[in-house]
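Participant: What follows is a single structure, and I will ask about it in a moment.
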Amino acid sequence: ACFIQSVADDLVNENGIMDLWVREARLFKYGSGTGSNFSDLRGENESLSGGGKSSGLMSFLKIGDRAAGAIKSGGTTRRAAKMVIVDIDHPDIEDFINWKVTEEQKVAALVTGSKINQKHLNAIMRACVNCEGAGDDCFNPKKNPALKREILAARKAHVPENYVQRVIQFAKQGYTEIDFRVYDTDWDSEAYLTVSGQNSNNTVRVTDDFLRAVEQDEEWSLKSRLTGKTTKQLAARELWDQIGHAAWASADPGIQYHTTINDWHTCPASGPIRASNPCSEYMFLDDTACNLASLNLLQFREADGRFDVEAFEHA
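Here the sequence shown stands for residues 2 to 316, numbered as in our numbering.
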């Protein structure tokens with residue numbers, strides 16, 4: 002089965018943010034997927050009842066992302082199926098659109114940086130170990146030209162100074178090499194496990210009003226979740242370009258056409274359709290579910306190769 006669940010702008014009470022993680026975990030445990038529209042959550046720096054400011058939508062989405070990543074769906078090796086949807090007028094929509102782009106850049110930095118550090122730190126270590134000088138002269142760049150050269154190369158490559166000094170201290174203690182972990186870009190590697198945004202399908206919910214604003218090159222307003230007032234205005238095309246770039250760079254976000262979906266709504270009196278299950282074949286009301294089934298068409302094939310239409314219709 003697949004589920005659509007609501008989430009209220011409430012931290013710890015029933016149907017609130019933390020309660021959703023519990024409900025999601027229960028579904029993931031037994032092999033189901035779930036999707037939610039998080040647009041009711043207030044944006045970053047919107048006021049809280051206690052007088053503070055909200056940490057914003059993204060801080061909570063990252064919690065849910067981590068929780069989903071820790072749970073194997075149905076107790077197997079299959080990852081949790083999770084859909085995150087945000088409306089195009091949410092004040093944090095730009096951060097949401099670029100979430101996975103930013104995380105992909107972090108992975109690139111981890112992979113590149115780890116290789117650079119491993120290369121230069123071991124070169125510094127070798128310069129200390131292979132030195133023929135006396136005593137501490139080998140660990141002094143003023144008296145060890147090879148060490149000076151490698152330190153300068155490391156600094157030029159932006160290796161952190163504390164690591165440069167740490168390797169020299171290690172060499173003084175008799176170490177001959179340094180174990181610096183190197184990361185790679187495999188989708189299931191430690192680099193990707195380190196960053197967020199890897200455990201859900203992210204989708205932006207767009208309206209016909211927004212698409213018309215894109216078409217006519219108009220401004221688009223982002224709205225406070227508390228007051229409904231405009232928090233920011235930007236060119237609709239700029240936002241549209243961000244969506245296109247992010248989808249190209251990181252395969253997310255996807256798009257759901259809110260107006261069109263609700264034009265085809267079969268039960269409009271029961272409320273609007275705001276979300277879908279993770280695969281998006283089930284679009285209906287919040288807090289509803291569907292049972293997924295499949296038919297093996299080969300079972301309807303007769304011995305002479307004909308297709309048993311009547312049996313198929315009955316099934």
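A virtual CB, placed ideally from N, CA and C, is assigned to each residue, including glycine.
For the segment 51-68 against the segment 101-117, do three or more pairs of beta-carbon atoms, one drawn from each stretch, fall closer than 8 Å, so that the two count as touching?
Facilitator: With the cut-off at 8 Å, the segment 51-68 and the segment 101-117 do not touch.
Participant: By DSSP's criteria, Y258 is part of a beta bridge. Which residues make up the other side?
Facilitator: DSSP output for Y258 lists V207 as bridge partner(s).
Participant: Identify every run of the beta strand (DSSP E) within the segment 229-299, keeping only runs that are complete inside it and at least 3 residues long; order them along the chain.
Facilitator: For the segment 229-299, whole beta strand (DSSP E) runs of length 3 or above, ordered along the chain, are 231-236, 255-258 and 289-291.
Participant: Please go through the same chain and pick out, in chain order, the residues whose beta-carbon is closer than 6 Å to the beta-carbon of N292, but skip the five residues on each side of it.
Facilitator: Taken in chain order, the residues that qualify are A2.
Participant: Determine the closest residue to T177 out of Y283, I262, H259 and I125, with distance taken between C-alpha atoms.
Facilitator: Considering only alpha carbons, the answer is I125.
Participant: Let's see if you can read the secondary structure: which residues bound the alpha helix (DSSP H) around N123?
Facilitator: Start and end: W100 to V130.
Participant: Let's test the definition: count the other Cβ atoms within 10 Å of the Cβ of T186 and tell me whether it reaches 16, buried, or not, exposed.
Facilitator: Under this definition T186 is an exposed residue.
Participant: Going by other Cβ atoms of all chains shown within 10 Å of its Cβ, with 16 needed for buried, is V85 buried or exposed?
Facilitator: It counts as buried.
Participant: Determine the DSSP secondary structure at N202, reduced to helix, strand or coil.
Facilitator: DSSP places N202 in strand when its eight states are reduced to three.
Participant: Just grab the DSSP bridge partners of N38 for me.
Facilitator: According to DSSP, which records beta bridges pairwise, N38 is partnered with I86.
Participant: Nearest to D253 by CA position, among L21, K101, D96 and F29, is which residue?
Facilitator: It is K101 whose Cα lies nearest to the Cα of D253.
Participant: Suppose you measure from the CA of D288 to the CA of E104; what does that come to, to the nearest Å?
Facilitator: Each residue's Cα considered, the two are about 30 Å apart.
Participant: With H, G and I counted as helix, E and B as strand and the rest as coil, what does DSSP make of R67?
Facilitator: R67 falls in the helix class under three-state DSSP.
Participant: Starting from the Cα of Q106, find the closest Cα among F308, V8, E220 and Y193 and give me that residue.
Facilitator: Checked all of F308, V8, E220 and Y193; the closest Cα to Q106 is Y193.
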